[in-house]
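A short write-up of the structure that comes next.
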Amino acid sequence: MKILHIYKDYYPVLGGIENHIKMLAEYESSKGYDVTVLVTNNTNKTVTEILNGVKIIKASRIATVASTPLSISMLAILKKLKPQIVHLHFPYPLGETFYLISGIKAKTVITYHSDIVRQKYIAMLYRPVLERVLNKADRLIATSENYITKSPFLSRFRDKCAVIPLGIDLAPFENINTKGQDAIRTRYGTPLLLFVGKLRYYKGLPVLIEAMKEINAFLLIVGTGPMETELKEMVKSLQLEEKVFFTGEVSYENLPDYFHACDIFVLPSTEKSEAFGTVLLEAMACAKPLISTELGTGTSFVNIDGVTGFVVKAKAPDGISSSATKILNNPGLMKTFGDNAKKRVVDNFTISVMSDRILSLYHSI
231 MKILHIYKDY YPVLGGIENH IKMLAEYESS KGYDVTVLVT NNTNKTVTEI
281 LNGVKIIKAS RIATVASTPL SISMLAILKK LKPQIVHLHF PYPLGETFYL
331 ISGIKAKTVI TYHSDIVRQK YIAMLYRPVL ERVLNKADRL IATSENYITK
381 SPFLSRFRDK CAVIPLGIDL APFENINTKG QDAIRTRYGT PLLLFVGKLR
431 YYKGLPVLIE AMKEINAFLL IVGTGPMETE LKEMVKSLQL EEKVFFTGEV
481 SYENLPDYFH ACDIFVLPST EKSEAFGTVL LEAMACAKPL ISTELGTGTS
531 FVNIDGVTGF VVKAKAPDGI SSSATKILNN PGLMKTFGDN AKKRVVDNFT
581 ISVMSDRILS LYHSI
């Protein structure tokens, strides 16, 4: 079976969807499937490469508008490919538009990672295309039942939807590098709270930084993004330079050390753009208690309030500070949450469980 995944970016670009596609594509390839990933390059040249058995075509990029890479060559490439399964990863408006225009004849699956939340004018203009794409698709994958219910689009296509939660490869998180973990804790201090992700508007980092005024701990922010300068200025204005630290980008190979080093992992997102929170799974794989926010998305499916951590009201610094303090002051609760988190990710959110369900879906259409 020939499988084609379409999205805007791929490894080494770091992001939840990019990592998901990489793990899924490599798993499919390991099972003997012919897998191609079509994305955009970060230059005006088209390149093709093979990585871990997966053929990656990076179409030349001419510009980026509203976080959407523009590539004219992607359409020409798409017309030449002859897959049996097309797997679209929404949202990527240009990719879905080209899929329709290309007239490609293949069974189609769409993983609906998130609604278009912030770029409302794009969502409005794109709505007719989205309607056609969702109508044409044979099956839709939602990462949680919550998202089907809350999404204005998915809820209307419930009969096409299969709920398949995202999964991760647990192996990188199983090896505990005590030396690396100790070095992080010594450098930044303890107890240690951790955030990992792109520094984007919907991640809620201003709320977390505000909460740090009331938490007797240190905060480590791992990642880069468009809000980095603004966040650093906020830390300075609140005189939290001795409590809140920015590491910049950390390689995926070194990330497990940071997860293992922390005492609590916090995902303070404020918008439905945080549709699932794969990074929560990575923290759970390291047996860490979680604090996340109620968004009506998959994050509250992953982190069960009172079982694997606390789910607090979005945009509420006091909810984060009180929950963090409660965990830090109760080592028994911290361990219970961490143990529950590890068991939950092992039982429900592995790459093999997710990928096998997706492959079964391919074969059912």
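When we follow our numbering, the leftmost residue of the sequence shown carries the number 231, and every step to the right adds one.
Quick reminder that beta carbons are idealized off the backbone N, C-alpha and C, glycines included.
Model, not experiment: these values are computed from the prediction.
Can you tell me where the beta strand (DSSP E) holding residue 392 begins and where it ends? 391 to 393
Return yes when the Cβ of residue 461 is within less than 8 Å of the Cβ of residue 424, no when it is not. Not in contact: residue 424 and residue 461 (Cβ atoms no closer than 8 Å).
Outcome for residue 271 when other beta-carbon atoms lying within 10 angstroms are tallied against a minimum of 16: Around the CB of residue 271, 16 or more other CB atoms lie within 10 Å, so the residue is classed as buried.
Have a look at 292, 331, 294 and 293 and flag the residue whose alpha-carbon is nearest the alpha-carbon of residue 310. 331
Just to confirm before moving on: does the CB-CB distance between residue 379 and residue 506 stay below 8 Å? no
Per DSSP, cross-strand counterpart(s) of residue 250: DSSP lists no partner for residue 250.
Please go through the same chain and pick out, in chain order, the residues whose beta-carbon is closer than 8 Å to the beta-carbon of residue 395, but skip the five residues on each side of it. 373, 374, 506, 528, 531, 532, 578, 579 and 584
Closest to residue 500 by C-alpha separation, out of 241, 509, 280 and 433, would be which residue? 433
Rounded to a whole number of angstroms, what is the C-alpha to C-alpha distance between residue 354 and residue 550? 34 Å
Give every residue of the same chain whose Cβ lies closer than 6 Å to the Cβ of residue 341, excluding the five residues on either side of it in the sequence, and list them in chain order. Excluding positions up to five away in sequence, the list reads 319 and 371.
Proximity to residue 557 [Cα-Cα], best of 315, 536, 576 and 238: 536
Can you give me the start and stop residues for the beta strand (DSSP E) that residue 396 sits inside? Unbroken run through residue 396: none, as it is neither H nor E.
So, at 6 Å on beta carbons, what are the nonlocal neighbours of residue 519 in its own chain, with the 5 sequence-adjacent residues on each side left out? Counting only residues of its own chain and dropping the five nearest sequence neighbours on each side, residue 519 has a CB closer than 6 Å to the CB of 494, 539, 557, 564, 567 and 568.
Cβ shell of residue 483 (< 8 Å), same chain only, five flanking positions each side left out: 402
Mind checking which residues open and close the alpha helix (DSSP H) that includes residue 369? Run containing residue 369: none in the alpha helix (DSSP H); it sits in the beta strand (DSSP E), 369 to 372.
Sub-8 Å separation of residue 293 and residue 303 beta-carbons: no
Whole-angstrom distance between residue 299 and residue 257, CA atom to CA atom: 26 Å
Provide the residue(s) that pair with residue 476 in DSSP beta bridges, ordered along the chain. 451
State buried or exposed for residue 446, treating a residue as buried only when at least 16 other CB atoms are found within 10 Å of its CB. exposed
For residue 550, which residues does DSSP report across the bridge? In DSSP, residue 550 forms no bridge with anything.
Spatial neighbours of residue 581 within its chain, please: C-beta separation below 7 Å, excluding the five flanking residues on both sides. 253, 257, 397, 398 and 399
Let me know the beta strand (DSSP E) ranges lying completely inside the region 412 to 468, each 3 residues or longer, listed in chain order. Residue ranges of uninterrupted beta strand (DSSP E) with 3 or more members, entirely inside the region 412 to 468 and ordered along the chain, are 422 to 426 and 448 to 452.
Hey, quick one: how far does the beta strand (DSSP E) through residue 583 stretch, first residue to last? That residue, residue 583, is in no beta strand (DSSP E); its alpha helix (DSSP H) goes 581 to 594.
Measure the C-alpha to C-alpha separation of residue 510 and residue 282 and round it to an integer number of angstroms. 26 Å
Express the C-alpha separation of residue 346 and residue 368 in angstroms, rounding to a whole number. 21 Å
Hey, quick one: how far does the alpha helix (DSSP H) through residue 562 stretch, first residue to last? 561 to 578
Between the Cα of residue 328 and those of 344, 266, 307 and 412, spot the shortest distance and give me the residue it belongs to. 307
Near residue 231, what residues of its chain come up, given a Cβ to Cβ distance below 6 Å and the 5 sequence neighbours on each side ignored? 263 and 314
Do you know whose CA, among 414, 366 and 474, lies nearest residue 597's CA? The chain is shown only over 231 to 595; residue 597 falls outside these bounds and no answer can be derived.
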